[in-house]
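Just below is one structure, and these are the notes that go with it.
In our numbering, the protein residues as written are 16 to 268.
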């Protein structure tokens with residue numbers, strides 16, 4: 016594509032778009048389940064490996080900030096799913112070399128810069144989460160969380176959970192605002208990642224209620240998917256990834 020692309024106009028979106036997008040996401044997953052399972056596999060396996068590593072070291076408490084922040088990395092699994100939905104929408108053939116080729120081609124575009132923003136936010140969240148633990152519970156309490164989880168419900172535990180939850184919500188809201196339109200925009204059009212982030216934030220500000228509801232739906236489904244050893248994400252991630260593409264379509268005129 017030659018030169019920068021024209022930016023789409025953001026439009027208002029009713030709440031009814033959310034169930035419509037979820038139905039479209041489920042439909043796309045059923046039409047191309049192999050792609051959905053493939054792109055979610057790395058994310059799921061990464062969560063299982065983290066759990067095994069921390070459990071083997073007897074440091075399960077490390078899982079708390081990672082589990083709370085793990086959905087921040089979900090956009091990584093979405094790019095391939097966006098491409099699958101785009102091809103289904105356009106009536107283009109679905110075959111592995113073409114889809115994977117589009118995904119790998121992103122390394123020469125703006126997606127790596129967006130990926131760096133996501134990773135930096137995730138790592139900063141983990142640092143802030145551990146700092147919050149230490150400030151409220153002290154370093155000695157950290158080693159007891161896995162064997163004595165009741166420490167989280169006594170003393171400074173509830174205050175720590177509330178504070179950490181509020182900080183995590185801010186991180187999640189920022190990243191959601193950056194990526195909900197920014198990532199599919201980077202896939203579809205030739206724009207720089209700063210422009211994509213600004214456009215995405217504008218879309219959220221144009222539809223604050225609907226976007227807040229959509230963010231809550233995403234968070235709820237992801238956390239439910241993580242409960243059975245992350246295995247529910249094999250379905251949750253593809254459906255949400257496809258649905259996110261249809262939400263992007265609904266937001267852009």
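Each residue gets a CB set at the ideal place from its N, CA and C atoms; glycine is no exception.
Can you look up residue i in the DSSP assignment and give me helix, strand or coil?
i           : result
residue 156 : The pLDDT assigned to residue 156 is 49, lower than 50, so where the model puts this residue is not dependable, and the model offers no usable value.
residue 64  : helix
residue 110 : coil
residue 57  : helix
residue 118 : helix
residue 19  : coil
residue 246 : coil
residue 31  : coil
residue 132 : helix
residue 47  : coil
residue 124 : coil
residue 141 : helix
residue 254 : helix
residue 196 : coil
Closer than 8 Å by C-beta to residue i: which residues in its own chain qualify, once you throw out the five before and the five after it? Chain order, please.
i           : result
residue 248 : 55, 58, 59, 62, 237, 240, 241
residue 121 : 94, 127, 201, 202
residue 115 : 95
In the DSSP assignment, what residue or residues form a beta bridge with residue i?
i           : result
residue 267 : 25
According to the neighbour-count rule (16 or more other Cβ atoms, all chains shown, within 10 Å of its Cβ), is residue i buried or exposed?
i           : result
residue 226 : buried
residue 233 : buried
residue 20  : exposed
residue 179 : buried
residue 158 : At residue 158 the pLDDT is 49, less than 50, meaning the model places this residue with poor confidence and gives no usable figure here.
residue 64  : exposed
Which same chain residues end up closer than 6 Å to residue i when comparing Cβ atoms and leaving out the 5 residues on each side of it in sequence?
i           : result
residue 39  : 261
residue 267 : 23
residue 50  : 99
residue 269 : Within the shown structure, residues of the chain are numbered from 16 to 268, placing residue 269 beyond reach of any answer.
Might you give, ordered along the chain, the residues of its own chain that have their beta carbon closer than 7 Å to the beta carbon of residue i, omitting 5 neighbours on each side?
i          : result
residue 44 : 51, 253, 254, 257
Give the list of continuous alpha helix (DSSP H) stretches no shorter than 4 residues that lie fully inside the stretch 201–243. Scanning the stretch 201–243 for uninterrupted alpha helix (DSSP H) segments of 4 residues or longer gives 208–221, 223–241, listed from N- to C-terminal end.
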